[in-house]
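First up is the structure itself, then whatever we jot down about it.
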Amino acid sequence: MKVILNKLPVSHLKGELDKTVNDFIKVLFVFAGLSIIYNSFNDLAYGIKSLLIFLVSTLICRETEILFVSQKLDIPRSEAKESLVTTKPEITAIIYALLLPVGTPLFVVAVGAFISIFVGKMVFGGYSFNVFNPAIIGKLFVSLSWPLLVTLNFSNSFDNYLLEIIFKRDFSEEILSPLMQLQANGIVSLNNMSSIKELLFLPNNGMLFSIPSIFFILAIIFFIVRKTLDLKPLLFTFVTTTVMLSVITLHFNLTINYILFNILAGGFLFVSIFMMTDPFTKPFSNYGLMFYSSIFSLVFILIRFLGKDADGVFNALLFANLFVPLLNKKTTSKKLGLNKSSFISGVILILILLGSGLFVNNILDQRISENKIVVNEYVKN
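Following the working numbering, the residues of the sequence shown are numbered contiguously, the last one being 389.
Right, dumping it as structure tokens:
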């Protein structure tokens, strides 16, 4: 019996999508390998743990999809397994694993991988019918369910405890990523950030995707040469985010390094390249992409500077995905051109972004003033 999958919503682009998906898998495998290598250089135990996270994530994602397909279509496991050639659960598995910190216990990795495929992918219809990025669903589920376990330092779990016994050392010391350091030190430390050269050429503590940023730039070049990346969502995302960061930079008399820091540190590059360009979860039209990227950038900036999350990109992407059906309905028939409506839309977007930047500035000013008052009271006492 041959498994017949539903027609793709963008079936007229199927040939291009196959090429894009294959290139994405190649780059993701390279990133996974680099993550394991860099973690091994940091400590062999970290390298082994990284490898185990990728293996567990891939195994659970594949087995979950096989189980779901076999039960839904009432077919043998062997036939359900054949459908994986088309549905590519490895993409979700690798992206999900890359979103996790090295200290995540393996049982948490397994639960999140199951949620990614079952809830984030199969419940919505499977491959190409995703409303949200499946890996983000799994990542946020485990982060909210076990916030004290999904960390950089090795948490209390059997696999982490076993590695500590084997390597005869304690891995429980707290590790902070550059963004976490910035958040911990407060806004007054904006000029004391990691150098751009370090972010470009050295791995920074964070998720498993926290390899040197230069590899993300090389990945963009690879996709451009291969013509397998839709540059429009990537370009719109960079422009809208840069506009808001520029307002904050000018307000606090910071240098351009501040803008580069917020782009290079954390998950902004990873999400922009591998998730904002996802052909199944992004709007179809250029107008839709403009508003989609603006929503993402706005929420990303608000969370990073005013929220508890040191990064903010994952929640921002999930929030932006909510508007995709509406944007597709309202903007699919429109074309991006130099006409009156597009000019007005562009002006409105710029005003929203600038206004949001000013709003963030006011909040940051209040926080700085509060910090100064606390410090002065402490000095007096």
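Ideal Cβ placement from N, Cα and C applies to all residues, glycine included.
Between L335 and the set F49, Y295, S136, the nearest pair of CA atoms involves Y295. Contact check for S124 against T95 fails: the beta carbons are separated by 9 Å or more. For the stretch 71 to 130, the full-length alpha helix (DSSP H) segments reaching 4 residues or more read 85 to 90, 92 to 95, 97 to 106, 114 to 125 along the chain. N47 counts as buried, since no fewer than 16 other beta carbons sit within 10 angstroms of its beta carbon. Residue environment for N168: buried (at least 16 other C-beta atoms within 10 angstroms of its C-beta).
For F244 against L237, the beta-carbon gap comes to about 13 Å, at or over 8 Å, which does not count as contact.
Spanning the alpha carbons of T112 and N50 requires a straight line of approximately 17 Å. Distance from the CA atom of G120 to the CA atom of L297, rounded to whole angstroms, is 29 Å. Between D286 and N141, the C-beta gap is smaller than 9 Å, which places the two residues in contact. With a 10 Å radius around the Cβ and a threshold of 16 neighbouring Cβ atoms, N323 comes out buried. Secondary structure in the stretch 209 to 242: the alpha helix (DSSP H) runs of 4 residues or longer, each lying completely within the stretch, are 222 to 234 in chain order.
Closest by C-alpha distance to F126, out of N164, C69, P84, is C69.
With contacts defined by Cβ atoms closer than 9 Å, G128 and I144 form a contacting pair. In the displayed model, A53 falls within a helix according to three-state DSSP.
Less than 9 Å separates the beta-carbon of V307 from that of G320. Beta-carbon to beta-carbon, E73 and P109 are separated by about 25 Å, too far to satisfy the 8 Å threshold. Leaving aside the five residues that flank R85 on each side, the residues in its chain whose CB is nearer than 7 Å to its CB run, in chain order, I74, S78. The beta carbon of L171 is closer than 8 Å to those of A53, I56, K57, F162, F179 in its chain, skipping five residues each way along the sequence. At a Cβ-Cβ threshold of 9 Å, I281 and F224 count as neighbours. A distance below 9 Å separates the beta carbons of I309 and M252. Distance from the CA of F137 to the CA of I222, rounded to the nearest whole angstrom, comes to 32 Å. DSSP places S305 in the uninterrupted alpha helix (DSSP H) bounded by 294 to 314. The continuous alpha helix (DSSP H) containing N168 extends over residues 166 to 175.
Here DSSP, grouped into helix, strand and coil, assigns L42 to helix. Residue range 332 to 339 is occupied by the alpha helix (DSSP H) that includes K338. Bounds of the alpha helix (DSSP H) holding S280 are 276 to 282. For T66, the closest of L226, L81, T248, I103 by C-alpha to C-alpha distance is I103. The DSSP-derived three-state label of K27 is helix. V150: member of the alpha helix (DSSP H) spanning 142 to 153, first to last residue.
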